[in-house]
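Participant:
Numbering (the working numbering), first residue to last: 12 to 957.
1. Quick test of the definition: if touching needs 3 or more C-beta pairs under 8 Å, does the segment 324-334 touch the segment 347-362?
2. Who are residue 928's beta bridge partners in DSSP?
3. Report the residue ranges of all alpha helix (DSSP H) runs contained in full by the segment 116-160; include only those spanning at least 4 residues, in chain order.
4. Helix, strand or coil, according to DSSP, for residue 629 in the structure here?
5. Between which two residues does the alpha helix (DSSP H) holding residue 198 run?
6. Fully enclosed by the segment 602-674, which beta strand (DSSP E) runs are 3 residues long or longer?
7. Return the chain-ordered list of same chain residues with a C-beta closer than 7 Å to the C-beta of residue 313, the five sequence neighbours on each side being excluded.
8. Should the segment 471-484 be regarded as contacting the segment 442-456, the criterion being three or more beta carbon pairs within less than 8 Å?
9. Under 7 Å, do residue 898 and residue 211 count as touching if we go by C-beta distance?
10. Could you please give me the residues that DSSP links to residue 557 through a beta bridge?
11. Nearest-angstrom Cα distance between residue 37 and residue 43?
12. How is residue 540 classed by DSSP in three states: helix, strand or coil?
13. Applying the 10 Å Cβ sphere with the 16-neighbour rule, what's the burial state of residue 40?
14. Cα separation between residue 704 and residue 282?
15. Looking at residue 682 and residue 699, is the spacing between their C-beta atoms short of 7 Å?
16. CA-CA distance, residue 25 and residue 174?
17. Tell me which residue opens and which closes the beta strand (DSSP E) that residue 26 is part of.
18. Entirely within the segment 253-295 and at least 4 residues each: give me those alpha helix (DSSP H) ranges in chain order.
19. Between the alpha carbons of residue 607 and residue 867, how many angstroms are there, rounded?
20. Give me whichever residues DSSP pairs with residue 567 in a beta bridge.
21. Determine whether the beta carbon atoms of residue 305 and residue 59 lie at a separation below 7 Å.
22. Can you tell me whether residue 510 is helix, strand or coil according to DSSP?
23. For a test of the three-state rule: what should DSSP assign to residue 530, helix, strand or coil?
24. Kindly indicate which three-state DSSP category residue 466 falls into: helix, strand or coil?
25. Just checking: is the beta-carbon of residue 927 within a distance shorter than 7 Å of some beta-carbon in chain C?
26. Here's the rule I'm using: 16 or more other beta-carbon atoms within 10 Å means buried, otherwise exposed. How should residue 70 be labelled?
27. Say the cut is 6 Å; is the CB of residue 72 nearer than that to a heavy atom of the ligand SAM?
28. Please state whether DSSP places residue 86 in a helix, a strand or coil.
29. Since residue 656 and residue 711 should fall inside the 8 Å C-beta cutoff, what is the C-beta to C-beta distance between them, to a whole number of angstroms?
30. Tell whether a beta-carbon distance below 7 Å holds between residue 525 and residue 490.
31. How long is the line joining the alpha carbons of residue 152 and residue 896, rounded to whole angstroms?
32. Between residue 628 and residue 618, is the Cβ-Cβ spacing less than 7 Å?
33. Give every residue of the same chain whose Cβ lies closer than 8 Å to the Cβ of residue 891, excluding the five residues on either side of it in the sequence, and list them in chain order.
34. Starting from the Cα of residue 114, find the closest Cα among 167, 57 and 181 and give me that residue.
35. Beta-carbon within less than 8 Å of residue 646's beta-carbon, same chain only, minus the 5 sequence neighbours each way: which residues are those?
36. Can you name the residues that DSSP bridges to residue 863?
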C-alpha cells in the first residue's frame, strides 16, 4: 500500500490501557484506519446534506463533495499522529513491545511530557508537506488541518504552544510519522489539499473527528479487534468500514426517515389545524423559495395557540428546503422539556419513527422514565487523553468525558431528534471542551427554541451568538414566543443574518417587525422578510380571541395585615373551588418557599389529605427528587389537561415551572406579582382549552362551574398602595419590572385584557426599550429601580459578550474558541449567570449508622466496584432521587462533608453528585445545617430550606 515509502512500524501502539494485557497493544496505524473509516461513514450517513455542503464550501470545494469527504477522512486518520513521540513511553506495557530501533530512545524522549494532541498540532504540517499533500501555497490549509488534529480532545491549542524537540524524537520517528500518514493518505485515494479551509468548516470537521475517534475507541470493540487482527492493512481498513454502521447504530446515532402524515394524524389532535398552523402549511414553502442558506422563522401567538405544532409543521418545510435532518426542540426548564419529550415521541411514533434517536438533553434527562436501564449502561472509551501526565484523577476525568457523550447524559444532543433545555445548546458558544462537537450536533438539525422570551439578557446574548453560528451553517432556526419584545426578536434576526454574511452596517438600517399573532420568515441569503397573510392573521385572531378579566388584589406578606394578608386573600378567592360545584384553580408562586407555605396553609384549610394521599390540593415545583417531580408533573398535566378526566375539585400550587409549555387549563389563575410577560404566560393556563371544548365537548361532559363565568387572572400585588417587594423574593425579578407591571395593570381599562389584541402593546410597555422616566426626580425610587435594572442588564450582556466565543465569521485561529486561561470543562462556565447548579442526593443516616437511600432504611446507599462500575439499576435508584440546587447554597460548607462515596468518583454520572446526610431520629429525618440555613427533604413538600 505504501509503495517505496518506509512501512509503518506496528509496534507503535495506539491503545494499551484497558485492553487484554496478555496481547500486544493495539497498533496505532490500525486505530488511525479505524477512525478514518468511521469518519467516512459519518459523512455518508450521519451528516445532513446541509452539513456536507457547508463543509465542502468551507474548503472551496462547492460541488465537489467527494473531495471534501476524503479530506475529512484524512483529518480523522491523522488525529493521533502525535502519539509517534515520547507518548509511546507513558505506558510501560505499551512501550515494552516497541521495536529496538524505537524503544532505545526511552530516556531522552521521556524526560519531558506533552499532550499528544499538542504534538499532533506541531508535527502534522511537516507530515503533510512530506506527503506532497500541501505545497508551499497550501501551507495555510495544512496549518488548519493541524489545528483540527490538535483539537481532537475537545480543546483547541495555540500554534505557538511548543513541544521540546527531544519529545518528537529523531529522524526514525519523523520517518514513521510520515509512513503512518502515507498509509492513511493512500487508502483515502491520495486526496489533494483544498484551496482554503475556513474556520467554521474546520470546527465541524473537528466535531466529526472527535466523534469518529470515540466510536472506534470503545473498549469492547477494541478488545474484539485486538484478538483478531487482519494480516494486512488493506483488509483491516475494509473490516473497519464494515463495522462502522454497527457502531453508529449501537450508539443510538443512526438516522431514520419519517413517513410524514397529515396534521391530525401526525399530532393526534382532533379536528383541523388552526389558522396559524394552516398558514404555515399553505404559505411558508413559497416564502422559503430556493434560497440556499437557511432562514429564521419567528412565531408569535398567545399561550395555548398551538405554537409547538406550528413549529413542527414549519420544520417539515424548512428541513426539506435546506437539507437538515431531525430537529432540536429546546425549552427553558427541565419540566417543560420533559413534557415536550413525550409529545415529540408520540408524534414520531405516529410517523413510523420507532427507531428514531429521540432523546432528552437536559442534565437530568436520562432518569426520565422513558429511558430503560440499557440506556444507562456505560462502556469505557479509551481516549488516552491524560495518559502522558500520569495523574490518575485527571486521566479518570478524561476517560469519563466521552462516556458522558456516548452512554451518558450528553448523548441526546448527538441524536437525530433532541428535546431538552436551552443550556445544553448554549454550551456550543462558550469556551468549554467539546464546543465543536456541540456545533456539529446542532448544525445538522432544524433548531427550534420555545419560549424565546424566557431568557435573561445574559442568555439572550449567548442565544444570539449561537444563532449567528447557525446562520453561518445555513441551519433553519425557529423561534416561538407569546410575549417577545420587538427589540429582542430584532436582535436575534440580525445575529442570524450576520452569520449568513450580511453586513452589520446594512442591517443597522433595517428592522424586522413581527405580526401578532402570526409569523415572520427572513431568508438567510437575501434577507427578504415574509409575513403571515393578513387574511390568515385576522382569522387566527378571531378564532383564538379571549377577553381575560384581570383583578389586582393588594396583599401583605406575613401575618400582620388583616384581610390583606396574602394567604387570607388566597383562601377567600379559592372558597368557591372548595365548596359547592368545585372547579380547578392554579396558584402560581414566585419562590419554592412561598409555594410550600401556601400549599400547607391551603391543605390545612381545605383538605387535610396530602398530595400523595390524593388530596384536592397539589404542589409542584422543581425542588423534588427527579422521579417525584416527573410523577407530579404528569399527575398535574393529566388533571388539568385537554383530554381529562377532569377532577371535581383541584387546587394546584406551583412555581414558575407551570408558566411555560405545560398544557394546563384552570378555571381561575391566581398569581404573585411578576413581570408582565410572565403574568401573561401564567394567564395562558386559564381557560386554555375553552374553544376546543366548546366545539368538541368538555371532558366527562361536565362544563365549568357556575362561578367561573369568564377567564380570570388574579394578581397578588404586594407593592400596590405603597407596599414593598417581599424580602424572600430576593432578586428573583427586577424591582423595576415589578413596579412597571404594577403600574400597567392599574391602568388597564375595565380590568380586561383582550387576547391577542392587547398582548404585544402590554409587553412593549413593560419590557420594550422604553426610557421615558421622570429625570426631574433623580432621587425617586422608580428611577433608582430603573437604573439598577438597566445596569444589571448591561452588565449581563457585557459578561456574556466577554465569555462567548467570537461570531462565526470573526474566527481566525481555532484557538479563538478556547481563548480563556485554564482547562475549561463545562461546569466552569455557566449558561445562566449566577445560577450554577449542582445535583444533590438526600440520603439518610440511620440510628445504627447505616446510610440509606430511603427514610425507612430498606435501601442501602449502593457502592461501585473498584473500576467505578455499578449495575445500571443501582445507578437509576440513585439518580432518580437527585434534586438540582443552586451551587452557592454549599459555598460556605466543607466540600468533603457533601462529597459522594469514594467508590463513585470515577463513575461518569455519580462522581459529580453532592450528598446530604440527614440523621434519622425516631423515624423522622432531621434538618442539616448548611451555612446559615438548614436543608431537609420532606416527603410532601420536597426539599425545604430555612
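Quick reminder that beta carbons are idealized off the backbone N, C-alpha and C, glycines included.
No experiment lies behind these values; they were computed from the predicted model shown.
Facilitator: Straight from the coordinates:
1. With a cut-off of 8 Å on Cβ pairs, the segment 324-334 is not in contact with the segment 347-362, counting fewer than three such pairs.
2. Beta-bridge annotation (DSSP): residue 928 is paired with 854.
3. With a minimum length of 4 residues, the unbroken runs of alpha helix (DSSP H) contained wholly in the segment 116-160 fall at 117-120 and 127-142.
4. It is a strand residue.
5. First-last of the alpha helix (DSSP H) with residue 198: 182-198.
6. Note on the segment 602-674: whole beta strand (DSSP E) runs with a minimum of 3 residues are 628-631 and 660-665, in chain order.
7. Closer than 7 Å at Cβ, skipping near neighbours: 493, 528, 555, 695, 766, 767 and 770.
8. A contact exists between the segment 471-484 and the segment 442-456.
9. For residue 898 and residue 211, no; Cβs fall outside 7 Å.
10. 766.
11. Near 11 Å, if we compare the C-alpha coordinates of residue 43 and residue 37.
12. Looking at residue 540 - three-state DSSP - the assignment turns out to be strand.
13. So residue 40 ends up on the buried side.
14. Near 12 Å, if we compare the C-alpha coordinates of residue 282 and residue 704.
15. No, they are not a contact pair.
16. Cα to Cα, residue 25 sits roughly 20 Å from residue 174.
17. The continuous beta strand (DSSP E) containing residue 26 extends over residues 24-26.
18. Every unbroken stretch of the alpha helix (DSSP H) spanning 4 or more residues and falling wholly within the segment 253-295 is given here in chain order: 274-278.
19. Going by the C-alpha atoms only, they are around 24 Å apart.
20. Residue 567 is bridged by DSSP to 576.
21. No. Outside cutoff.
22. Reduced to three states, the DSSP call for residue 510 is helix.
23. Residue 530 sits in a strand when the DSSP states are folded into three classes.
24. Residue state, collapsed to three classes: coil.
25. Of the protein chains in the structure, only one exists, and it is not chain C.
26. The Cβ neighbour count for residue 70, taken over all protein chains shown within 10 Å, is at least 16; the residue is labelled buried.
27. Absence of the ligand SAM is noted for the structure shown, with no ligands found whatsoever.
28. The answer is helix: DSSP assigns residue 86 an H, G or I state.
29. The C-beta distance from residue 656 to residue 711 rounds to 6 Å, short enough to meet the 8 Å contact threshold.
30. It is not a contact, given that the beta carbons lie outside the stated cut-off.
31. Answer to the nearest angstrom: the Cα atoms are 47 Å apart.
32. Against a cut-off of 7 Å, the Cβ pair of residue 618 and residue 628 comes out as a contact.
33. If we look at residue 891 and ignore the five residues flanking it on each side, its Cβ neighbours are 378, 636, 637 and 638.
34. Put simply, of 167, 57 and 181 the residue whose alpha carbon is nearest the alpha carbon of residue 114 is 181.
35. Contacts found: 629.
36. DSSP lists 855 and 871 as partners of residue 863.
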